[in-house]
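Asker:
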Amino acid sequence: MSASPSLVWFRDDLRLADHPALRAAVDRGEPVIGVYVLDEESPGIRALGGAARWWLHHSLAELGERLGEKGSVLVLRRGAAGEVIPALARDVGAGAVYWNRRYGSAEREVDTGLKEGLCADGLEVQSFAASLLHEPWTVRTGTGTPYGVFTPFWKAAQQLPPPRAPLPAPRQIAGPHAHPATDDLDEWQLLPTSPDWAGGLRDRWAPGERGATARLHAFLTEDAADYDRARDEPSAGATSLLSPRLRWGELSPFQVWHAAIESGARVGGFLSELGWREFSWHTLYHFPDLATKNLRSAFDAFPWPRLRPSMLSAWQKGETGFPLVDAGMRELWASGYMHNRVRMVTASFLIKNLLIDWRHGEQWFWDTLVDADEASNPFNWQWVAGSGADAAPYFRIFNPELQAKKFDPDGRYVKEWAPDAVGVGARLPIVDLADTRKAALAAYEAVKRA
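Numbering (our numbering), first residue to last: 6 to 455.
What follows is the structure in structure tokens.
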């Protein structure tokens, strides 16, 4: 083993291109050892959902292959990162540890403790900005407080220095003479087996950096021109499908930003969606309990009725009797994904027609979406609920029948995902939209009083 190899701790950045921590390790000139830690033990770290675990398995498999092709190695370890990383550093005699920054509260606490401990042991430790265009503390109001509304946030962000150019992937990465011990990825049991429900995910997705790069190119050359016009139509195929790639860091936002601008397509609306992602992380950074607590405390007074498990189950299974809702929920279960417009409709239906606390829906999406991250998932649920940042007013209720007429007028999306939801024998609606809308607005009066 080299006297002083560099450890690169991969997290939600499963790529070789535009990876500042990896670049720093290569530039240091010593052998490089990549490491991924499956940390389900550190306090406050949210356990991955089932669909996320499936994606992680395949993305790690490709990352290991790509590092091997370049000459290095990926070590897999399981446990609390605050213990695993120092132990591995001692085992290999590392002289430096590099990583790209994370922004969740629990993750930052782990990283801070590790940096202090490793530095005290005499190692060089550096962290880098790689997963956001602008780090959360850099976008502040004139009074130094975090933003609560998207438009002024994004305007302020765009006044900052422009996003840096992405870094190329290293041509070669020197690896250690002897490979450290590593876990077997299959033994982590990230893939479902009993039953194997991931067939639809396999059909739709090819996780990994290669697939991410190919999808970015395909979107910008084939779909971006129609994005602003057709992105709200679930059957139009105009969305980027890049959200899981960004969630797992198979692409960086810097790569996406510059590729979009250089494509020559009209990408203003698409870039604002990158801004919305930035805004969600900005919010989580300043309000770390986003997945469990109402951002607007007045919503603590909302009188949620007693949970009716049968109603929640009907929503989860796509058996509500409302074709657009059912199609969306079945697309989610089958593919680990749902069109953004339909996400808003299904979320609104759960909260405002079934009067089920948004946290139940957030948890279901967390478990079933391949792109669920700890910022965007709760942030968007709170937006629909009316309890979050820049939130849709609670009295804005997405009528699923009107939404279907407007955005799926020929029923192509419904026919693809829930063909039995229309026509003879279709399921009867489980609630009356008008009655439940009245009940939701009446309950909202408690929030107004608060």
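Using N, Cα and C, we set each Cβ at its ideal position, and we do this for glycine too.
1) Applying the criterion that 16 or more other CB atoms from any shown protein chain within 10 Å of the CB defines a buried residue, is A186 buried or exposed?
2) How should A223 be labelled, buried or exposed, when 16 other C-beta atoms within 10 angstroms of its C-beta is the threshold for buried?
3) Considering only C-alpha positions, which residue in the set F155, R58 and E140 is nearest to P167?
4) Is it right to say A8 is buried, meaning 16 or more other beta carbons lie within 10 angstroms of its own, or is it exposed?
5) Would L12 pass as a contact of A111 if the rule is Cβ separation under 7 Å?
6) Taking 7 Å as the cut-off, decide whether the C-beta atoms of L458 and W59 are in contact.
7) Can you pull the DSSP bridge partners for Q387?
8) Do G180 and P36 have their C-beta atoms closer together than 7 Å?
9) So which of Y449, R364, D395 and A455 has the shortest CA-CA distance to W159?
10) Y41 to R16, Cα distance in whole Å?
11) Let me make sure I understand the geometry here. Which of Y399, V389 and V347 has the alpha-carbon closest to that of A409?
12) Are the segment 62-71 and the segment 143-151 touching, with three or more C-beta to C-beta distances below 8 Å?
13) Give every residue of the same chain whose Cβ lies closer than 8 Å to the Cβ of T441, excluding the five residues on either side of it in the sequence, and list them in chain order.
14) Would you be able to state if there are at least three C-beta pairs under 8 Å between the segment 291-303 and the segment 196-206?
15) Under 7 Å, do L256 and H62 count as touching if we go by C-beta distance?
16) What does a CB cutoff of less than 6 Å around R417 pick up in its chain, not counting 5 residues either side in sequence?
17) May I have the straight-line CA-CA distance separating Y108 from R432, to the nearest angstrom?
18) Would you list the one or two residues that DSSP bridges to V37?
19) Determine the DSSP secondary structure at Q408, reduced to helix, strand or coil.
20) Could you give the residue range of the beta strand (DSSP E) that holds S110?
21) Among G100, L138 and E421, which residue has its Cα nearest to the Cα of M343?
22) Helix, strand or coil, according to DSSP, for R401 in the structure here?
23) Among residues of its own chain, excluding the 5 on either side of S340, which ones have a beta-carbon nearer than 7 Å to its beta-carbon?
24) When you compare only the Cα positions, how much space is there between M6 and D376?
25) Rounded to the nearest angstrom, what separates S352 and G34 at their Cα positions?
26) Mind checking whether the beta-carbon of S132 lies closer than 6 Å to any heavy atom of the ligand ADP?
27) Over the uninterrupted alpha helix (DSSP H) stretch that includes V272, give me the two end residues.
28) Hey, how far is the Cα of P398 from the Cα of Y232?
29) Taking DSSP as the reference, what is the three-state secondary structure of W104?
30) Compute the distance between the beta-carbons of R83 and D188, then report whether it is under 7 Å.
31) Using CA coordinates, which residue listed in R215, D413, H24 and E129 is at the minimum distance from G333?
32) If you compare alpha carbons, which of W253, H182, P197 and D228 is closest to G216?
33) When the distance is taken between beta carbons, is A101 closer than 7 Å to E121?
Answerer: Taking the geometry as given:
1) exposed
2) exposed
3) E140
4) Classification for A8: exposed.
5) no
6) Beyond the ends of the chain as shown, which are 6 and 455, falls residue 458; an answer cannot be given.
7) Note: Q387 sits in no beta bridge, so no partner.
8) Going by C-beta atoms, G180 is nearer than 7 Å to P36.
9) D395
10) Cα atoms of Y41 and R16: separation of roughly 6 Å, rounded to the nearest angstrom.
11) Cα-wise, what sits closest to A409 is V347.
12) no
13) Result list for T441: K357, N358, L359 and L360, in chain order.
14) no
15) no
16) The beta carbon of R417 sits closer than 6 Å to those of S240, all from its chain and outside the five residues before and after it, given in chain order.
17) Distance between Y108 and R432, taken at the CA atoms: about 44 Å.
18) S11
19) helix
20) First-last for S110: S110 to A125, but that is the alpha helix (DSSP H), not the beta strand (DSSP E).
21) Ranking G100, L138 and E421 by CA distance to the CA of M343 puts E421 first.
22) coil
23) G205, L206 and R209
24) Confidence at M6 is low in this model, with a pLDDT of 46, below 50, so its placement is unreliable and the value that follows should be read with caution. Cα-Cα distance, rounded: 38 Å.
25) Reading the sequence as shown, one finds Ala at residue 352 and not Ser. Each residue's CA atom was taken as its position, placing A352 and G34 some 50 Å apart.
26) This structure lacks the ligand ADP, and indeed carries no ligand of any kind.
27) No alpha helix (DSSP H) holds V272; DSSP gives it neither H nor E.
28) Those two C-alpha atoms are separated by around 26 Å.
29) strand
30) yes
31) D413
32) W253
33) no
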